[in-house]
Every structure is written in structure tokens, then in C-alpha cells.
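Student: Chains as they are written, first to last, in our numbering: chain F, 22 to 424; chain E, 22 to 424.
Note that the Cβ used here is the ideal one computed from N, Cα and C, for glycine as well.
Structure below; questions to follow.
There are 2 protein chains.
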Amino acid sequence: METIKIGWVGLGVRGCSLLRSIILPQGEQVTAVCDPYEDKAQKGADLVTAAGQESPKIYTDYRELLNDENVNTVIIASSWESHVEVSVAAMKAGKAVAVEVGGAYTIEQCYELVRAYEETGTPFMFLENCCYGRREMMALNMVRKGLFGEIVHCSGGYHHDLRELLAYDKENRSYRLLNYLKRNCENYPTHDLGPIAKVLNINKGNRMVTLTSMASKAAGMHEYLLQNKKDDEELLSKTFIQGDIVTTLIKCANGETIVLTLDTTLPRYYSRGFTVRGTKGMYEEVTDSVFFDTEEDRSHDEDWGESCGGNAKKYAQEYEHPVWEKYLAEGIKGTHGGMDWLLFRDFFDALKEGRPMPIDVYDAASWMSITALSEMSILRGGAVVDIPDFTNGKWHLRTDNKE
Amino acid sequence: METIKIGWVGLGVRGCSLLRSIILPQGEQVTAVCDPYEDKAQKGADLVTAAGQESPKIYTDYRELLNDENVNTVIIASSWESHVEVSVAAMKAGKAVAVEVGGAYTIEQCYELVRAYEETGTPFMFLENCCYGRREMMALNMVRKGLFGEIVHCSGGYHHDLRELLAYDKENRSYRLLNYLKRNCENYPTHDLGPIAKVLNINKGNRMVTLTSMASKAAGMHEYLLQNKKDDEELLSKTFIQGDIVTTLIKCANGETIVLTLDTTLPRYYSRGFTVRGTKGMYEEVTDSVFFDTEEDRSHDEDWGESCGGNAKKYAQEYEHPVWEKYLAEGIKGTHGGMDWLLFRDFFDALKEGRPMPIDVYDAASWMSITALSEMSILRGGAVVDIPDFTNGKWHLRTDNKE
Chain F
22 METIKIGWVG
32 LGVRGCSLLR
42 SIILPQGEQV
52 TAVCDPYEDK
62 AQKGADLVTA
72 AGQESPKIYT
82 DYRELLNDEN
92 VNTVIIASSW
102 ESHVEVSVAA
112 MKAGKAVAVE
122 VGGAYTIEQC
132 YELVRAYEET
142 GTPFMFLENC
152 CYGRREMMAL
162 NMVRKGLFGE
172 IVHCSGGYHH
182 DLRELLAYDK
192 ENRSYRLLNY
202 LKRNCENYPT
212 HDLGPIAKVL
222 NINKGNRMVT
232 LTSMASKAAG
242 MHEYLLQNKK
252 DDEELLSKTF
262 IQGDIVTTLI
272 KCANGETIVL
282 TLDTTLPRYY
292 SRGFTVRGTK
302 GMYEEVTDSV
312 FFDTEEDRSH
322 DEDWGESCGG
332 NAKKYAQEYE
342 HPVWEKYLAE
352 GIKGTHGGMD
362 WLLFRDFFDA
372 LKEGRPMPID
382 VYDAASWMSI
392 TALSEMSILR
402 GGAVVDIPDF
412 TNGKWHLRTD
422 NKE
Chain E
22 METIKIGWVG
32 LGVRGCSLLR
42 SIILPQGEQV
52 TAVCDPYEDK
62 AQKGADLVTA
72 AGQESPKIYT
82 DYRELLNDEN
92 VNTVIIASSW
102 ESHVEVSVAA
112 MKAGKAVAVE
122 VGGAYTIEQC
132 YELVRAYEET
142 GTPFMFLENC
152 CYGRREMMAL
162 NMVRKGLFGE
172 IVHCSGGYHH
182 DLRELLAYDK
192 ENRSYRLLNY
202 LKRNCENYPT
212 HDLGPIAKVL
222 NINKGNRMVT
232 LTSMASKAAG
242 MHEYLLQNKK
252 DDEELLSKTF
262 IQGDIVTTLI
272 KCANGETIVL
282 TLDTTLPRYY
292 SRGFTVRGTK
302 GMYEEVTDSV
312 FFDTEEDRSH
322 DEDWGESCGG
332 NAKKYAQEYE
342 HPVWEKYLAE
352 GIKGTHGGMD
362 WLLFRDFFDA
372 LKEGRPMPID
382 VYDAASWMSI
392 TALSEMSILR
402 GGAVVDIPDF
412 TNGKWHLRTD
422 NKE
């Protein structure tokens with residue numbers, strides 16, 4: 022692709038932030054914007070012109086945007102429930118697609134994505150920014166160098182207190198609240214699962230085979246509303262279905278286990294809890310530490326937290342991922358500590374160079390499927406459910422992620 | 022009981038350590054010692070006389086010790102697989118029992134304990150020292166004061182690198198190795214589950230209902246032997262069945278979830294990962310921090326680890342458990358940071374005062390059962406299994422643990 026002409030779908034908080042802080046500063050051309058709310062679409066258009074570009078076409082129906090010949094790439098930052106529909110339609114319209122993260126509502130949605138991609142061959146990218154996180158990439162780099170030995174277990178979580186956001190969902194014309202009122206599942210698995218899947222070569226020599234999920238009771242939101250929004254009688258009368266903590270165990274074909282935690286409606290600090298465990302060492306985000314199977318590290322053992330926690334800074338000098346090494350030298354840019362910038366840079370460069378997408382449709386389908394599968398497992402009391410192989414048997418033939 | 026006369030069963034590393042550092046310094050009388058290895062039994066006897074007590078009787082068969090009329094209390098620190106057999110025989114012989122921790126091999130074993138107790142009424146205490154851990158008790162104290170609101174989720178783990186101990190099991194005439202060669206389960210659940218069960222009032226107004234477990238592959242021990250004991254051809258040729266990381270999800274009657282992690286054959290620092298999550302706050306051992314749902318705590322959010330981790334020290338001034346407040350004033354004594362001392366003090370005092378045992382046979386049965394249940398769940402690919410109600414329906418009638 023020589024010139025990227027972006028049609029932007031979804032101009033809520035996340036959409037506007039990405040457009041303003043990443044896409045326009047990277048100099049990419051935005052030729053059309055779309056949001057079902059006209060004022061939000063107009064706000065997006067204003068951002069584009071404020072950046073010195075020509076005024077983009079404004080749409081409130083994404084199907085019209087897909088008919089616009091002046092658009093060859095669609096970036097989707099709309100509500101969770103619209104991601105698959107817009108992605109599939111965009112691929113069928115021959116537009117390259119990059120879609121924001123979220124979980125699938127059904128397994129059929131995941132297959133729709135895969136089929137649309139396989140039928141059209143249109144570039145499809147899943148926008149999991151945490152795959153470009155600095156520590157996630159450092160740990161991946163260390164795994165690839167064999168420093169942690171054989172990897173046997175990874176864990177992570179989406180530990181993010183969203184209570185205020187959910188309480189004001191209606192006022193913000195947002196979309197998350199209904200999910201919390203109607204569904205009980207690992208509703209946002211990819212921030213933790215994405216980087217883990219890269220470490221474990223999921224869909225490239227390995228695959229996720231089965232899972233089981235359990236949800237705690239849902240008590241956090243009601244307590245929050247009682248304390249902070251007690252005049253909202255309508256919302257206070259509602260029953261939240263989404264458990265406060267959802268834990269999901271995943272077994273992989275090569276024998277590794279993965280533990281994912283969804284944790285969004287209780288008071289706590291933000292964390293993705295990214296942890297990689299191998300036969301020769303580990304990385305752990307919560308203490309930001311690397312532990313090697315050396316005399317020196319073992320000698321600290323019981324007072325590790327006090328004496329050695331936070332030592333990842335030290336290892337970063339030697340084991341920073343090459344992508345981040347370069348990035349740090351140039352200067353970190355954009356939101357979320359810089360990972361959004363790298364994510365889109367990789368997407369745009371891959372498009373221009375005709376490279377395979379760094380996070381492809383099989384990654385998207387398998388990672389998103391965890392949401393629908395965890396919902397079924399929870400409803401069945403924690404029953405084991407099979408994770409489909411969206412590569413249709415090709416996972417063991419595909420080359421691994423080594424870069 | 023006026024005078025405690027202890028018959029000690031099991032004089033390996035743990036047995037000798039407890040005898041030397043806790044029991045004899047507390048001034049309790051040890052009238053008999055027993056170990057199937059005569060030299061180990063003799064070593065125990067030497068410890069007793071070295072402390073200025075009369076020379077105890079020495080046995081190599083615990084059944085003979087149980088016939089000794091000069092013994093009214095049996096403390097069991099023998100191999101995991103002998104715990105239930107010795108406990109049941111001791112109760113039937115009318116001796117008070119305190120038994121070291123470990124998991125059950127079958128559910129029937131757990132019922133044997135309960136039946137022996139209900140038939141004999143003999144005092145039975147389960148020696149879970151971590152229930153007396155300083156931070157565990159502080160968190161329990163804070164839970165009881167309502168500071169964390171409604172508790173919805175707890176997690177913990179036995180994160181303890183046992184590779185060296187397992188590799189030299191044979192040389193030490195120990196018992197753990199065979200478990201790792203033959204079984205795949207949450208083999209040591211109670212260090213983490215015990216304090217959690219106290220927080221969640223398990224068997225006293227609440228109970229554990231179902232669980233599911235998954236185990237990672239077993240790669241840690243073989244790698245360790247290759248690096249550290251490559252001349253031991255016999256052990257190197259063995260296949261380890263015990264997965265390196267076992268994760269167990271438990272659902273409780275009141276809707277809470279518990280996550281337990283067994284993590285003993287990979288390089289890492291020691292931790293029990295004790296975490297309590299409520300609607301108004303949390304305690305987390307890994308960062309040794311308390312997080313409250315206050316403006317101040319929320320404002321730190323993303324840089325919590327750097328700015329606020331370790332703040333539990335601060336809260337200890339106000340919320341130290343009364344037992345620990347007193348203990349700190351008197352001076353901490355004994356092994357494992359002082360918790361062994363408190364554990365046995367509580368046991369001996371309860372015996373002398375005729376109080377109910379602080380950790381009773383229903384606690385023991387339900388906590389130990391997790392091992393046998395996780396084994397079945399893992400063998401069935403993570404299937405949900407029912408956790409028996411060892412109170413036989415009385416859990417909702419029993420008074421809670423509030424002290």
C-alpha cells in the first residue's frame with residue numbers, strides 16, 4: 022500500500038485519544054470519520070483539520086464509510102459489540118482493517134473474522150497495545166534468548182478499577198455498563214493474554230486447548246453506587262451480573278498453563294500482573310523483578326521483595342527489546358507509556374511494506390474467544406470447555422514468532 | 022488438662038526444629054519420642070535431655086508410644102502419608118492430638134479424621150502455623166473490623182523453591198520426592214488456604230463448594246537435576262508427574278472465589294502471596310500493601326508499586342492483631358518469624374483451659390481434602406469436583422470465627 026487513507030470508526034474517549042495522540046502525529050492521512058453520534062463524529066473531524074489535514078468526510082453509518090473510495094484502511098475504535106460486524110464488512114469491502122480490542126460475544130463471531138480474512142486476504146490487525154509494552158517486550162526478548170529456560174506457566178490480569186467509568190456510562194453515552202448488567206465472563210482478556218500468547222507462541226507451534234473459569238459474586242459496583250451515586254435510583258436498583266473477580270485457567274498443547282484474572286469493580290491499583298515462569302528464571306510485573314536461578318538470586322530468597330524487587334530496571338540495560346532500545350533513543354511518544362505509538366507504527370509499516378500483520382486474525386479470534394468460552398464455563402459452574410483451533414489445524418505448521 | 026505430657030512422633034528436620042525451638046523453650050514436658058529411624062528418635066531424646074528434662078522414652082513404632090500411660094498429648098511431625106493414620110490412632114487411644122500440615126491422599130482419610138474426633142471427643146488441632154502469620158492476622162483483624170467491606174475474593178500460594186530438598190530427599194531419608202514422582206495435585210494447600218479460610222469463615226457460616234485444578238507440565242526438577250546433580254543417573258532417568266505450577270479455583274457457598282497456587286519446582290523467591298479483596302479495600306502480601314477506597318489511595322493508582330508498595334508497615338501501627346500486639350511487646354520468639362511459637366502457645370493454652378481447638382478437625386478435613394480433590398480434577402482435565410461438607414450440614418449453624 023503506497024498511501025494509507027484512513028476511515029476512522031468510533032470517536033468515543035479511546036477513539037479521540039488515539040486519533041489525536043498517535044495517528045495524526047504519525048502523519049497518517051484520515052479521509053473519513055464515523056460515529057453514530059453526529060457530535061462525536063464532528064469532534065473527530067475537528068481533530069483532523071486541527072492537525073492541518075483536509076476536512077474528512079463525516080459519516081454516522083459505517084456502511085457508508087466503507088463505500089467511500091477515498092478510504093483504503095479502516096480503524097475501528099467503536100463499542101465492543103460492533104467490532105466484529107464492522108471488521109467483517111470492512112474486509113469484504115476490500116479495506117485493510119485494524120480493530121481495537123475486546124472480547125467476542127460468541128464463537129461464531131471469531132469464525133466470522135477468520136472466514137472474512139481467508140476469503141478476502143485483506144490485511145487484518147488486532148490492536149492489542151500491551152503486546153508493545155516495554156516490560157512485556159523485554160520479557161519476550163529474554164524468553165527468546167532462552168534466559169528463563171523452558172517456559173511452563175504465565176499469568177496476567179486486567180486489574181483496573183473501572184467503577185467510576187461504569188457508574189457514568191450512561192452520561193458518557195458509552196457501552197460497557199450493559200455488559201456488566203447482562204454478562205458474567207472474562208470480558209477483557211487480551212491486555213494480559215496478548216503478551217502471554219506471544220511468549221508461548223500461541224497459533225505458531227502451540228495452541229490453547231481448554232479452559233475453565235470461575236467468577237466471584239458481584240458486590241463491588243453496588244457498594245460503589247451506594248457510596249458515590251446514591252441519587253441514581255435507577256442504577257442502584259439494578260443487579261450486576263458480572264462477578265467482581267473472574268479467574269480463568271487455560272491449558273496449552275505444549276503443556277503450559279495460563280491464568281487470567283479480570284478485576285475491574287473493586288478498589289485497587291492498576292496492574293496487568295504480567296508474569297512469565299521458566300525452568301531457569303522468571304519475570305514478574307507486580308514486583309517489576311527478574312529472578313534468575315543463580316546463587317546470588319537464591320541467596321536473597323525470603324527478603325526478595327525488600328531487597329531485590331524492582332531490579333528489572335537493571336536488566337533493561339542488557340535485555341531491552343531491540344524495538345524499545347531504538348524507541349528509547351528516539352524518544353517515547355504518545356499515550357499509555359508509548360505502547361500505542363509502537364502499535365500503530367508497526368501496523369502502518371507492515372501495511373506499507375506488505376508484511377504480514379504483527380497481530381493477525383488467528384491471534385484475534387483465539388484471544389477474543391476466551392470471553393465467550395469463559396461465559397459458558399462460568400454458567401456451567403466452572404466446567405471445562407474446548408478452545409477452538411481457529412487455524413484449522415495449521416498451528417503446528419505455522420512459523421513461530423521469533424523476530 | 023493439668024499437665025501436658027507430650028509424645029512426639031516424627032523427628033526429621035521439621036520435628037527436631039519445632040522440638041528444639043518451640044516446645045522445649047515453652048517449658049512443655051516431652052515424655053516420649055518416636056521415629057521409625059532409631060537414630061532420629063535418639064536425636065529427639067537428646068534434644069529433650071539437653072533442655073534439662075528427664076530422658077524421654079524412645080520408640081520406633083508409634084503404636085507403642087500410644088500405649089505409654091505417661092503420654093496424654095501426641096504431636097505429629099512425621100511424613101505426610103502417616104498423618105491421618107497416627108492422628109486417628111491417637112484419638113482412639115484417648116490422647117489429645119496436634120498434627121503437622123499436609124494434604125490428604127483420599128477423601129476417606131478426611132472422613133476418618135472427622136469420625137475419630139466425633140466418636141472420641143478428643144481434642145484435635147491442625148498445626149497450620151501460617152494462620153498465626155503477622156500479616157495474615159493483621160489482615161484478618163482488618164476484615165473483622167469491616168475495613169475492607171464485603172470480602173469477595175482471596176488468593177494465595179505456596180511459592181517455595183523445593184528443588185534442592187527434593188533432589189536430596191533420598192540422602193535425607195525424607196518423604197516428599199515420591200509424591201512428586203507419583204502424584205500431580207495441589208499437594209500443600211494449607212499454608213495459603215488456612216488464613217484464607219479464617220477470613221472467609223469457612224465451616225462457620227460459609228463453606229467451600231466446588232473446585233477445579235489445572236497443572237502445568239513438569240519441567241523444573243529435570244532441569245535442576247541436569248544442572249546440579251547430573252551424576253545421579255537413577256533420579257535423572259525418572260519422570261516427574263507433579264506439574265511445576267498447579268492452580269486451583271474454589272467457589273464458596275457465599276459466592277466468594279479462592280485461587281490457590283502450588284509453585285515449588287521452579288526458581289523464584291519465597292512467598293505465600295496472601296491477598297484479600299473486598300468492596301472497600303485490599304491487602305496484598307507480594308507488595309506488602311493495603312489499598313483503601315479513598316481519594317488518596319486512588320490518586321496513586323498507576324504508580325502504586327513505586328510509591329505505596331510496602332505501606333502495610335504503616336497500617337500495622339493501628340491494625341496489628343491484638344495477639345501480635347501483645348507478642349511484639351513481649352518479644353518475638355522461635356522459628357518462621359514467630360508464628361510457630363504462637364501456634365503452639367495457642368494449642369497448649371487451649372488444652373489447659375479446655376477451650377475448643379483454634380484450628381479444628383473440620384478445618385483440617387476440608388483444607389486437606391483440597392489435595393485429593395485437585396488430583397481428581399487434574400486427572401479429569403480440570404473438571405469441576407464437589408468439595409464435601411465435613412460438618413455434615415452444620416456449617417451454617419456453627420458460630421463464626423470472630424474473636
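Residues of chain E with CB under 7 Å from F:S237, in chain order?
Tutor: V173, H174, G276, E277, T278
Student: For F:Q248, count the other beta carbons within 10 Å of its own beta carbon; 16 or more makes it buried, fewer makes it exposed. Which is it?
Tutor: Looking at its Cβ environment, which holds fewer than 16 other Cβ atoms inside 10 Å, F:Q248 is exposed.
Student: Leaving aside the five residues before and after E:L39 along the sequence, list all residues of the same chain whose C-beta is less than 7 Å from its C-beta, in chain order.
Tutor: So the list reads A98, D361, once near-sequence residues are dropped.
Student: Which partner residues does F:F313 have in the DSSP bridge list?
Tutor: Beta-bridge pairing links F:F313 to F:G302.
Student: Using the rule of at least 16 other Cβ atoms within 10 Å of the residue's Cβ for burial, across every protein chain shown, is F:Y290 buried or exposed?
Tutor: With 16 or more Cβ atoms within 10 Å of its Cβ, F:Y290 is classed as buried.
Student: Chain F beta carbons: is any one of them nearer than 8 Å to that of E:T300?
Tutor: Interface residue (Cβ-Cβ distance to chain F less than 8 Å): E:T300 is classified as such.
Student: Does F:I266 come within less than 8 Å of chain B when only Cβ atoms are used?
Tutor: In summary, chain B is missing from the structure at hand, where the protein chains are F and E.
Student: Closer than 7 Å by C-beta to F:C151: which residues in its own chain qualify, once you throw out the five before and the five after it? Chain order, please.
Tutor: E157, H212, G215, P216, R293, M360
Student: Do we get a CB-CB distance below 8 Å when we pair E:D407 with the residues of chain F?
Tutor: Proximity of E:D407 to chain F, defined by a Cβ-Cβ separation below 8 Å, is not satisfied.
Student: Would you call the stretch 220-229 of chain F and the stretch 403-418 of chain F in contact, with 3 or more CB pairs under 8 Å?
Tutor: yes
Student: Along the stretch 320-353 of chain E, where does the CB come closer than 9 Å to a CB of chain F? Name the residues.
Tutor: H321, D322, E323, D324, W325, G326, E327, C329, G330, G331
Student: Which of helix, strand or coil does DSSP assign to E:C9?
Tutor: What is shown of chain E runs 22 to 424, which leaves residue 9 of chain E out entirely.
Student: For the putative contact between F:Q130 and F:N205, defined by C-beta atoms under 8 Å, what is the C-beta separation to the nearest angstrom?
Tutor: Wrong, their Cβ atoms sit about 18 Å apart, outside the cutoff.
Student: May I ask you to report which of helix, strand or coil DSSP gives E:Y80?
Tutor: Strand.
Student: Can you find the residues in the same chain that come closer than 6 Å, C-beta to C-beta, to E:L45, ignoring five residues on each side of it along the sequence?
Tutor: A72
Student: Chain F beta carbons: is any one of them nearer than 8 Å to that of E:V307?
Tutor: yes
Student: When DSSP labels each residue in this structure, what does F:Q63 get in the three-state scheme?
Tutor: Secondary structure of F:Q63 (DSSP, three-state): helix.
Student: Could you work out which residue in F:Y132, F:E305, F:G28 is closest to F:E90 when comparing CA atoms only?
Tutor: F:G28
Student: Consult DSSP for F:A180 and reduce its assignment to one of helix, strand or coil.
Tutor: According to the sequence displayed, residue 180 of chain F carries His and not Ala. DSSP places F:H180 in strand when its eight states are reduced to three.
Student: Give me the residue from F:P77, F:T143, F:I128, F:I25 with the minimum Cα distance to F:D381.
Tutor: F:T143
Student: Can you pull the chain E residues whose beta carbon is under 7 Å from the beta carbon of F:F312, in chain order?
Tutor: P288, R289, Y290
Student: For chain E, find out if any of its Cβ atoms is closer than 8 Å to the Cβ of F:L183; answer yes or no.
Tutor: Output row for F:L183: interface = no.
Student: In this structure, how does DSSP classify E:N227 when only helix, strand and coil are distinguished?
Tutor: strand
Student: For F:A16, which residues in chain E fall below 7 Å Cβ to Cβ?
Tutor: Any answer about residue 16 of chain F is impossible in this case: the structure gives chain F only from 22 up to 424.
Student: Just reading off the beta strand (DSSP E) that E:W29 is part of, what are its end residues?
Tutor: 26-30
Student: So what's F:Q50 in DSSP terms, helix, strand or just coil?
Tutor: strand
Student: Go through its chain and collect everything with a Cβ distance to F:T52's Cβ below 6 Å, but skip five positions before and after it.
Tutor: K26, P77, N91, V92
Student: Pairs of beta-carbons, one from the stretch 166-182 of chain F and one from the stretch 276-284 of chain F, closer than 8 Å: are there three or more?
Tutor: yes
Student: Here's a check: name, in chain order, each residue in its chain whose Cβ is nearer than 6 Å to the Cβ of E:I399, leaving out the five neighbours to either side.
Tutor: Closer than 6 Å at the Cβ level, and outside the excluded window around E:I399, lie N205, S234, A236.
Student: Kindly indicate if chain F contains any beta-carbon less than 8 Å away from that of E:L270.
Tutor: yes
Student: CA-CA distance, F:Y245 and F:K373?
Tutor: 47 Å
Student: So, for E:K423: in the same chain, excluding its five sequence neighbours on each side, which residues have a beta-carbon less than 7 Å away from its beta-carbon?
Tutor: Residue placement at E:K423 cannot be trusted, given a pLDDT of 49 that sits under 50; the coordinates are not used to answer.
Student: Tell me F:H174's beta-bridge partners as DSSP assigns them.
Tutor: F:T278, F:R298
Student: Can you grab the Cα-Cα spacing for the pair F:F169 / F:N332, in whole Å?
Tutor: 16 Å
Student: Could you tell me the distance, in whole angstroms, from the CA atom of F:S390 to the CA atom of E:N200?
Tutor: F:S390 and E:N200 have their alpha carbons spaced roughly 37 Å apart.
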